[in-house]
Amino acid sequence: MDKYIATIDKRLEELLARCHEPKLREVMTYAVLGPGKRLRPQLLLASCEGVSGGYSDAALDFACAIEMIHAYSLVHDDLPAMDNDDFRRGRPTCHKAFTEGLAVLAGDGLLSLAIEVMVQYLPNRHAVNALTSIVKAAGVGGMIAGQMSDILNEGKPISPETLAGIHRRKTGALITACFEAGGIFASAEEPMFEKMVKLGNVLGLAFQIKDDILDVTSTEKDLGKPIGSDAKNQKNTYVSVHGIDTAEAEYKRLCQETQGILDSLPVKTGALHELVTATLSRTK
Ligand code: GRG
């Protein structure tokens, strides 16, 4: 996967250079180019390459835009007004390394730069469809709505259905959008596109359940951030709602389902298989 990460990081650096305010660029760079997994842009590129055998410059820019949106969501999620976390990716969170004001602005800057990068490809049909998919996933029917429901339900007992709605919108929607955008840029036809969306949905849920499990079973050293932060913030998680045993069992079931969908896809490269398998066996 190194080939994707090096390409993504190089392009992210070039795109960040479009910000001519030096301090803003420095904080945005800290937020987006830190030691994260770059999972979402890799999923976009690997799914596009898997279907069509390659990816365009536009697909790479959309992959970078998704990573900027992801990084902004982490910066804002870590703020004192939200989860109030001091560490992420093994180093101080953005507001700790700089200030709260600069972290808010860097998050805003990353979101608007992401849109600017995608908009430059309009009115190309693929770009219109991928942009629609990504902004919907990141927006008021997706990640932001999921985060809102998460906050409103802190400390309250919630139903499994409410929890599923939080997970699907807060984390799953952006992961599914990676597959949708990958499929769009690869000109994937039905039923291939449908399968990719399904893969995104299942992987997105599995990813979040694993995140909930790791928050109680991992170590601060492995995670790069304090464990037990969900309990500290009275968050509803798959573990708090269903218990650790059910969470582990559901995670295992979702891994098998993911594998089944992957095996049914006539993909051209092994990169997507490799990436999804690595994601499912992640320990951080
Ligand atoms: C503040 C608008 C706004 C949204 C926040 C995504 C999100 C919504 C908050 C992040 C909180 C969180 C830890 C959610 C669990 C799933 C998740 C997004 C984990 C972090 O993603 P990774 O593991 O991170 O891909 P890296 O650092 O590797 O990029």
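Residue numbers (the working numbering): 4 to 287.
For each residue, glycine too, the CB sits at the ideal point set by N, CA and C.
Quick caveat, the model's predicted, so the values are computed rather than measured.
Secondary structure of residue 90 (DSSP, three-state): strand.
Within 7 Å of the C-beta of residue 187 there is not a single heavy atom belonging to the ligand GRG. Where residue 132 is concerned, the enclosing alpha helix (DSSP H) starts and stops at 128 to 141. The alpha-carbon separation between residue 225 and residue 286 amounts to approximately 7 Å. Below 8 Å, enough C-beta pairs join the segment 202 to 214 and the segment 255 to 275 to call them touching: three or more.
In this structure the segment 137 to 148 does not touch the segment 207 to 222; the number of beta carbon pairs closer than 8 Å is below three. Relative to the non-hydrogen atoms of the ligand GRG, the Cβ of residue 98 never comes closer than 7 Å to any of them. Residue nearest to residue 52 within the set 212, 283, 20 and 186 is 186 (criterion: CA-CA distance). In this structure, residue 177 sits near residue 72, with a CB-CB distance shorter than 8 Å.
Note that the C-beta distance between residue 38 and residue 70 is not below 8 Å.
In the three-state reduction of the DSSP assignment, residue 95 falls in the strand class. Scanning its chain for C-beta atoms nearer than 7 Å, with the 5 sequence neighbours on each side dropped, one finds around residue 47 the residues 62, 65, 66, 69, 181, 184 and 185, in chain order. Each of 130, 121 and 78 was checked against the Cα of residue 110, and the nearest Cα belongs to 78.
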